[in-house]
Ligand code: SF4
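Numbering (full-length UniProt numbering), first residue to last: 1 to 295.
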């Protein structure tokens with residue numbers, strides 16, 4: 001899982017700033033729809049919490065905390081028992097998630113939702129054995145700067161280091177594994193992290209591992225240096241495109257079926273909406289500063 005590390009929307013973060021770094025999520029946003037990227041990173045428009053994303057955050061917290069216990073005590077029942085307490089902590093740190101169940105005074109939907117989170121946690125034990133794992137890192141924030149000045153950042157769910165020094169990067173997904181033809185897209189995030197680790201530690205991770213709790217699948221990939229060089233070239237090209245759109249203010253909507261999950265249809269031209277005035281200075285085609293739409 002990757003949480004916001006580079007300016008994704010939050011309910012109380014209105015200040016507009018030019019993009020300064022790239023994370024896998026925001027790179028994915030730009031590839032999906034440049035206008036979505038603008039709304040999230042530059043305008044920082046608020047987004048409603050979703051049940052699925054919040055459940056993902058909760059399950060990640062439980063899996064992370066389970067490793068606080070001695071190896072022999074990392075059982076499924078212990079993991080399940082952590083769910084209510086981690087839900088309490090999440091509500092404290094992100095009070096907006098309470099909205100999700102505002103229309104559920106009897107608590108039935110919340111109980112069902114918590115049960116689903118427990119089910120996902122339990123399924124993890126069919127895929128990995130935490131009594132035999134000693135992660136080197138959990139929820140590791142990483143940041144590396146490329147020669148071009150581009151900063152890459154993100155949060156890695158788990159890093160395992162073997163006695164031989166070999167590194168495995170692990171990411172938990174609470175959804176289902178993609179069909180094989182879409183596996184490359186899923187691995188993009190992992191190769192992004194592998195590139196950052198390589199840049200930071202001069203070590204190419206031995207294995208990238210995606211653990212899909214929704215479907216009970218594990219997807220692995222053993223990268224080589226050429227993979228990381230390729231992803232670096234891709235990210236540099238992406239960053240050039242982002243900088244160009246930032247300067248010109250030309251953020252094109254790219255409608256797909258994923259629009260159904262977009263919180264910003266009301267301000268999207270594809271759905272009859274009008275984006276808010278562009279809050280940054282723009283350059284005209286001849287390179288001169290043309291001011292911002294708010295000037
Ligand atoms: S509704 Fe679709 S096209 Fe419009 S901003 Fe969202 S993702 Fe992009």
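Using N, Cα and C, we set each Cβ at its ideal position, and we do this for glycine too.
Alpha-carbon to alpha-carbon, residue j and residue i
i: residue 170; j: residue 268; result: 36 Å
i: residue 211; j: residue 271; result: 36 Å
i: residue 244; j: residue 283; result: 10 Å
i: residue 248; j: residue 235; result: 20 Å
i: residue 73; j: residue 83; result: 16 Å
i: residue 179; j: residue 281; result: 42 Å
i: residue 209; j: residue 158; result: 10 Å
i: residue 102; j: residue 89; result: 18 Å
i: residue 52; j: residue 66; result: 21 Å
i: residue 162; j: residue 37; result: 38 Å
i: residue 176; j: residue 215; result: 5 Å
i: residue 246; j: residue 153; result: 19 Å
i: residue 224; j: residue 110; result: 44 Å
i: residue 32; j: residue 70; result: 42 Å
i: residue 261; j: residue 276; result: 20 Å
i: residue 273; j: residue 44; result: 17 Å
i: residue 94; j: residue 106; result: 22 Å
i: residue 126; j: residue 146; result: 39 Å
i: residue 57; j: residue 279; result: 31 Å
i: residue 251; j: residue 34; result: 5 Å
i: residue 263; j: residue 92; result: 24 Å
i: residue 87; j: residue 255; result: 35 Å
i: residue 347; j: residue 222; result: Because residue 347 is not part of the residues shown, which for the chain are 1 to 295, the question remains open.
i: residue 129; j: residue 265; result: 43 Å
i: residue 104; j: residue 181; result: 39 Å
i: residue 78; j: residue 242; result: 45 Å
i: residue 218; j: residue 160; result: 16 Å
Cβ-based burial, residue i [other Cβ within 10 Å; buried from 16]
i: residue 85; result: exposed
i: residue 27; result: buried
i: residue 232; result: buried
i: residue 257; result: exposed
i: residue 220; result: exposed
i: residue 41; result: buried
i: residue 23; result: buried
i: residue 17; result: exposed
i: residue 142; result: buried
i: residue 193; result: buried
i: residue 112; result: exposed
i: residue 19; result: buried
i: residue 164; result: exposed
Presumed contact (8 Å Cβ cut-off) between residue i and residue j, rounded CB distance
i: residue 49; j: residue 96; result: 6 Å
i: residue 21; j: residue 151; result: 4 Å
i: residue 30; j: residue 238; result: 6 Å
i: residue 120; j: residue 204; result: That pair is no contact at about 31 Å.
i: residue 207; j: residue 116; result: No, residue 207 and residue 116 are not in contact; Cβ-Cβ is about 29 Å, not under 8 Å.
i: residue 310; j: residue 191; result: Here the chain has residues from 1 to 295 only, and residue 310 is not among them.
i: residue 155; j: residue 140; result: 7 Å
i: residue 184; j: residue 138; result: With a Cβ gap of about 27 Å, residue 184 and residue 138 do not count as contacting.
i: residue 213; j: residue 172; result: 6 Å
i: residue 118; j: residue 80; result: 5 Å
i: residue 297; j: residue 199; result: With the chain running from 1 to 295 in the structure shown, residue 297 is simply not present.
Nearest residue (CA-CA) to residue i, options the options
i: residue 99; options: 276, 47, 82; result: 47
i: residue 349; options: 43, 172, 166; result: No answer is possible for residue 349: it lies beyond the span of the chain, which begins at 1 and ends at 295.
i: residue 226; options: 195, 254, 215; result: 195
i: residue 62; options: 30, 216, 238, 122; result: 122
i: residue 149; options: 128, 222, 240, 189; result: 240
i: residue 174; options: 253, 259, 124; result: 124
Jot down the residue ranges of each uninterrupted beta strand (DSSP E) in the segment 22 to 48, minimum 3 residues, whole runs only, in chain order. The qualifying runs do not exist here; there are none.
Of all the beta strand (DSSP E) runs that stay within the bounds of the segment 75 to 153, which reach a length of 3 or more residues? 137 to 145
Give the list of continuous beta strand (DSSP E) stretches no shorter than 3 residues that lie fully inside the segment 156 to 236. 167 to 173, 207 to 212, 217 to 221
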